[in-house]
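Remarks on the structure that follows.
As structure tokens, then:
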């Protein structure tokens with residue numbers, strides 16, 4: 005009896021831990037040496053497998069593939085762009101086929117997996133720069149969810165009498181909005 009309880013407990017714990025987060029299937033690879041930081045990708049040779057993420061700037065549909073210009077943000081081990089960090093550089097991702105510019109709109113968060121394929125000269129305003137190019141085998145669009153956390157300070161002395169129980173009587177409630185990438 006005790007053995008089966010421990011087994012069920014271990015099984016439930018493993019389900020909870022795997023539900024916490026994982027790399028999306030579109031970005032999965034068998035290669036354990038994927039480069040996932042911007043500067044090493046810039047310095048890397050062509051053909052190396054990379055995974056980068058960030059914010060979509062422009063989407064251009066070409067004859068047989070789509071060009072996505074992305075403002076780089078650091079990513080975590082699950083491939084999620086870190087929206088609390090400052091952008092660092094840009095890169096170009098080429099995706100086979102058509103990608104709808106409405107779905108892949110400016111400002112959306114994206115992570116791309118693929119192979120480095122040289123650099124491409126581009127402009128940001130009047131400034132010219134070389135951007136690393138990735139031939140993508142997979143991409144994943146993220147969404148940002150907002151949660152409101154309300155800080156209620158309950159005192160041990162509760163003087164609640166009808167109308168006076170209302171928060172309005174004691175002043176405004178404080179809180180904060182938390183943004184999470186999912």
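Residue numbers (the working numbering): 5 to 186.
Note that beta-carbon positions come from the ideal geometry of N, C-alpha and C, so glycine has one too.
No experiment lies behind these values; they were computed from the predicted model shown.
Same chain, Cβ closer than 7 Å to residue i, neighbours up to 5 away in sequence not counted
i: residue 89; result: 77 and 78
i: residue 139; result: 98, 118, 119 and 121
Neighbourhood of residue i by C-beta, 6 Å cutoff - its chain only, sequence neighbours within 5 removed
i: residue 124; result: 96, 135 and 137
i: residue 105; result: 63
For residue i, the three-state DSSP class (helix, strand or coil)
i: residue 46; result: helix
i: residue 30; result: helix
i: residue 35; result: coil
i: residue 65; result: strand
i: residue 40; result: coil
i: residue 23; result: Bear in mind that the predicted position of residue 23 carries a pLDDT of just 48, short of 50, making it too unreliable to give a figure here.
i: residue 178; result: strand
i: residue 88; result: coil
Beta-carbon proximity of residue i to residue j, cut-off 8 Å
i: residue 141; j: residue 117; result: yes
i: residue 55; j: residue 98; result: no
i: residue 57; j: residue 114; result: yes
i: residue 27; j: residue 83; result: yes
Closest by C-alpha distance to residue i, when choosing among the options
i: residue 100; options: 127, 86, 48 and 66; result: 66
i: residue 185; options: 51, 86 and 155; result: 86
i: residue 42; options: 74, 33, 127 and 131; result: 74
i: residue 35; options: 53, 44 and 180; result: 53
i: residue 47; options: 83, 178 and 120; result: 120
i: residue 151; options: 38, 127 and 182; result: 182
Proximity test, residue i beta-carbon vs the ligand PLP heavy atom, cut-off 7 Å
i: residue 183; result: Absent from the structure shown: the ligand PLP. Ligands present: none.
Cβ neighbours of residue i in the same chain (closer than 8 Å, five flanking residues each side left out)
i: residue 112; result: 59, 60, 145 and 146
i: residue 109; result: 60 and 63
i: residue 91; result: 58, 59, 75, 76 and 77
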